[in-house]
Structure formats: structure tokens, C-alpha cells
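>
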Ligand code: SF4
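In my numbering, the protein residues as written are 8 to 464.
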């Protein structure tokens, strides 16, 4: 039997031992029951990792007699069946990843459930077990030395917004800032020379982020190798006939996004592809755009959900910083009304595809087009540098641009800015936006709130 040292694991290696089909069936069905409970909790409106969510899960796990989960949650070493429960946990994860790797929706659902389960186990770990876990899983977190901690005391206390901790006994960690993008916007970390400093109770964010990427990447890989990977008929039959719990989360649609005049700058910074980010900044700085930019950006805005009223106000606010309101109404408003199908032929324009944008020919002083195709390479790489890309990512972007693989370079830009894996190259800026929004949504849904509760002022 494989040696399972801890309840908590990153499931790095698949199990390598024998397991009968009936046992396999029982192991997988129990894990599916766990997913079902999580899905029910979500449908009841409980936010993952809150007290009410945990309470519901724990009571249902006991009520439905999910023996593996009960033993693992108790986390009493040497209790009867402890090693067996760890073994089941490991096998269930791997077997179900073979089932849930098939589609994107299934992959997201599986990753979300597994991370929620991971968090439940994480919270029950004893200090020495956690230390063992960090050592085994190589999470690349450096403990801030006592000397450095004292030197940075003021900044650490201020920037991490931690009010109720005992500074002297709290361990602080430092890590490359790009490893914890979810903490950056809320300024919960202290940034210095590319490193993010944070207290131990934020460590879960880092682990979560890391695991998310690890599981997503693994599922994606399994999806590619699976068609040729399973040679055994009985296993194939078994996997094809497991009654999977379907993802029951909201599908993304334009209606789920709220883009308005209040949040448009944040949305642009977080979710726009480089082509649209560039135009948006230009508009904010110069309060004017040439015709092609207005077309490229205006229709993009309509399709990401900016309402007609907000769009008119948005354009007018900017343009009238340089011209009178009457001049705007007379000379420019028609175009924006036209984009929303309110005047003229009342056409519902489709947003431009990347191919169409790349086929345009911006002349000197024009800023529409695709940065990966139309920008000077030095300017593009400089932009990547200022966006904090690693040397490795900069090289990748450079190589892809030189090979004229512009959409792939854009995909690399997405990966580097989101620390995420994307599967298909983008066909349009709107698709990029949707992927980005969806990624953040799924990440947010999974993030633990418990630490925010105790650390927020
Ligand atoms: S590849 Fe498409 S989405 Fe990306 S920057 Fe170019 S046009 Fe925009």
C-alpha cells in the first residue's frame, strides 16, 4: 500500500496500487456525494468557506455517512481506518480527475470542489502537520527572518492591514508578487522589490492559487492524453458510467457582467486584452480617439455589456474635456448611437475578431489594431516588462510575435497577467474579456473568506 503521511496532499503522483472495481466504485461514489453536498450548499446561497457553508457540509457528511470524509475531517492520527481513508481520498481524486477532465465546465467544477475540500482539510491540520506539508509540497515560500521582520515592522503592519495579530509571534512570508495576484488589488500585502510580504494566515491564498493552476494544468493534460491513455476496457466502461454530478453553477453570459461608469477603469485594468487596454488609456489621457479606434473600442464596449446610456455618457464625458457639449452632440454622438443600432440602418454590429483587427493597417498616429502584430517589438516587450512579466514569459511573447503567432502571443499575455492556464487561443478581444472575467469569477468563488473576516478592519 502507498504511504500516505498526511491528510493534506497536492495529489502529485497517481496511486500505484491495486484496487478492485467494487471498491473503486464505492470510493468514487462517496466523493461524488461530497461534490453533491457542495453543490447543494451553493444552491442554498451559502458562500464557500463561511461558517454556515462549513456547518452545512459537515452535518450532511455525517448524515450521509461519508466515512472517508468523516475520518479525514476528524484528523485524529492513528484512529481506525485513518490510512485507509487517506488512500481512498487519493484514489478518488485521481479517478474522478479522469472523468472530469473531459470538458471545460467539468474541469472547472472539479477543481472548485477539490479546492473546497482541500481547504476544509487545511483548516484542521495541526501546526507540525502543516510544516510537514509545506516541506513535502515545495511551495516555495520564504520565511521572513526576524531581523528583516523587525526592520519592516511598520510597513508590514500597515500594508497587510492586520490589526489583531501578535506581531512578534506571527510568521511572515515573502514570495514573488506574481504568485498571489488575488491579494494585490486589495493591498493586503507589502510589496518591496518584486516580493510580496504577508502574514501566515494569508498563506492559504498562495496555496490556493498554486493548486488551482496545478489542478487546471493537470486536467487539461489528462484531457489531451485520455483518448489514447486508457487501454483497459473495464476501466473505460467504469469511467464512462459513473453518475457524475454536473456543474450547477451559473453559466457566463453578458447579463452576468456589470460594466458601468463606476467600475470601467478597474474592469479595463483587470480584464481587457492589450489592444483594448491601450485604446482605453489613450482615451482617458487624450480625451479623443480617431475613427478606427472609436469603432474598435465602441463595439467592444457594447458587447461587454456597457449600456447605451452609460456608453453615451462615457464618450461624452471624455470628449467634452476638449470640446463643447454642443460640438460633441453635432459631430460625434451619431457614431456612438449608430454603434448601438439606435439610428441609421439600426444594425446590431458584431464585435471585431482578432483576425479583422490584425488585418487593419494603422498608420502613423493611429492606435487601433493588434499590439502583437502592429507594435514595434521593442515597445511591446517594454510593455510586457512594465506589466511585470518574467524573462521567460517575455521571451515567449517575443518568439511568438517573431513567428507571427499573434493570438498565441496574446494568450501568453493572458497567462502571464492572470497566472492562469488558458486552453484555446482567443478569436476576439471579447472572448479574451469573457475568459478573464470567468477566470476571476471561478477564483473568487473558491477563495476562502475566513481570513478576510478576521483581518479586515
Ligand atoms: S490578439 Fe486579439 S485580443 Fe489579443 S491584442 Fe490582438 S486583437 Fe486584441
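For each residue, glycine too, the CB sits at the ideal point set by N, CA and C.
All values reported here derive from a predicted model rather than from experimental measurement.
With respect to the beta strand (DSSP E) encompassing residue 206, which residues constitute its N-terminal and C-terminal limits?
Where residue 206 is concerned, the enclosing beta strand (DSSP E) stretches over 202-206.
> Within 10 angstroms of its Cβ, does residue 329 collect 16 or more other Cβ (buried), or is it exposed?
Per the 10 Å Cβ criterion, exposed.
> Per DSSP, which one or two residues make a beta bridge with residue 198?
203, per the DSSP bridge assignment.
> Given that a residue counts as buried once 16 or more other Cβ atoms are within 10 Å of its Cβ, and exposed if not, what is residue 183?
Burial call: exposed.
> From the DSSP secondary-structure annotation, give me the bridge partner or partners of residue 180.
Answer is 150, 205.
> Does the beta-carbon of residue 346 have 16 or more other beta-carbons within 10 angstroms, so that it is buried, or is it exposed?
Residue 346 should be labelled buried.
> Decide if residue 442 is buried, meaning its Cβ has at least 16 other Cβ atoms within 10 Å, or exposed.
When all chains shown are included, residue 442 counts as buried.
> Among the residues of its own chain, which have a CB less than 6 Å from the CB of residue 18, if the five just before and after it don't count?
Result list for residue 18: 100, in chain order.
> Can residue 365 be considered in contact with ligand 1, in the sense that its beta carbon sits closer than 7 Å to one or more heavy atoms?
Correct: residue 365 has its Cβ closer than 7 Å to ligand 1.
> Here's the rule I'm using: 16 or more other beta-carbon atoms within 10 Å means buried, otherwise exposed. How should residue 334 be labelled?
Residue 334 is exposed by the Cβ-count criterion.
> Cβ of residue 14 within 8 Å of Cβ of residue 119?
No, these two residues do not count as a Cβ contact at 8 Å.
> With DSSP run on the structure shown, which of helix, strand or coil describes residue 311?
Looking at residue 311 - three-state DSSP - the assignment turns out to be coil, as it is neither helix nor strand.
> Please specify which runs of the beta strand (DSSP E), each continuous and at least 3 residues long, are wholly inside the stretch 301-372, giving them in chain order.
Listed in chain order, nothing qualifies, since the stretch 301-372 has no complete beta strand (DSSP E) run of 3 or more residues.
> Do you know whose CA, among 362, 398, 413, lies nearest residue 382's CA?
Comparing Cα positions, the closest option is 413.
> Mind checking which residues open and close the alpha helix (DSSP H) that includes residue 61?
It spans 58-70 - the alpha helix (DSSP H) in which residue 61 sits, taken as one unbroken run.
> In angstroms with no decimal places, state the Cα-to-Cα distance between residue 378 and residue 340.
Taking the straight line joining both Cα atoms gives about 28 Å.
> Check for me: the alpha helix (DSSP H) holding residue 427 runs from which residue to which?
First-last for residue 427: undefined, no H or E at that position.
> Is residue 424 buried or exposed, if buried means 16 or more other CB atoms sit within 10 Å of its CB?
Looking at its Cβ environment, which holds 16 or more other Cβ atoms inside 10 Å, residue 424 is buried.
> Can you tell me whether residue 215 is helix, strand or coil according to DSSP?
Three-state result, residue 215: helix.
> Can you list, in chain order, the residues of its chain whose CB lies under 7 Å from that of residue 268, leaving out five sequence neighbours each side?
Once the five neighbours on either side are set aside, the close Cβ partners of residue 268 are 317, 320, 321.
> Just to confirm before moving on: does the CB-CB distance between residue 160 and residue 174 stay below 8 Å?
Against a cut-off of 8 Å, the Cβ pair of residue 174 and residue 160 comes out as a contact.
> For residue 325, which residues in the same chain have their Cβ closer than 6 Å to its Cβ, ignoring the five residues on either side in sequence?
Same-chain partners within the cutoff: 290, 294.
> What is the DSSP secondary structure of residue 394, reduced to helix, strand or coil?
If DSSP states are grouped into helix, strand and coil, residue 394 belongs with coil.
> Return the chain-ordered ranges of every alpha helix (DSSP H) run that is complete within the stretch 13-61 and spans a minimum of 4 residues.
You should have 28-50.
> Is the stretch 38-48 touching the stretch 67-87, taking contact as three or more C-beta pairs under 8 Å?
The answer is yes - the stretch 67-87 touches the stretch 38-48, with three or more Cβ pairs under 8 Å.
> Taking the alpha carbon of residue 179 as the point to measure from, which residue in 408, 205, 155, 196 has its own alpha carbon closest?
Taking only the C-alpha atoms, the option nearest residue 179 is 205.
> Report buried or exposed for residue 465, applying the criterion of at least 16 other Cβ atoms within 10 angstroms of its Cβ.
The first residue shown for the chain is 8 and the last is 464, placing residue 465 beyond what the model contains.
> Anyone know if the C-beta pair for residue 104 and residue 233 falls short of 8 Å?
No; because the gap between Cβ atoms is not below 8 Å, this pair is not in contact.
> Please name the residue, chosen from 82, 97, 186, that lies closest to residue 422 on a Cα-to-Cα basis.
Answer by Cα proximity: 186.
> Indicate, with yes or no, if ligand 1 has a heavy atom lying under 7 Å from the CB of residue 442.
Flag unset: Cβ of residue 442 not near ligand 1.
> Does the stretch 301-315 come close enough to the stretch 272-291 to have 3 or more Cβ pairs within less than 8 Å?
The stretch 301-315 is in contact with the stretch 272-291.
> Check whether the Cβ atoms of residue 388 and residue 409 lie closer than 8 Å to each other.
No, Cβ-Cβ distance for residue 388 and residue 409 is not below 8 Å.
> Check whether the Cβ of residue 282 lies closer than 7 Å to any heavy atom of ligand 2, and answer yes or no.
With respect to small molecules bound, the structure shown includes ligand 1 and not ligand 2.
> Looking at the unbroken alpha helix (DSSP H) that takes in residue 142, where does it start and where does it end?
Where residue 142 is concerned, the enclosing alpha helix (DSSP H) stretches over 134-144.
> How long is the line joining the alpha carbons of residue 110 and residue 59, rounded to whole angstroms?
In a straight line, the C-alpha of residue 110 is about 31 Å away from that of residue 59.
> Please state the DSSP three-state secondary structure of residue 248.
If DSSP states are grouped into helix, strand and coil, residue 248 belongs with coil.
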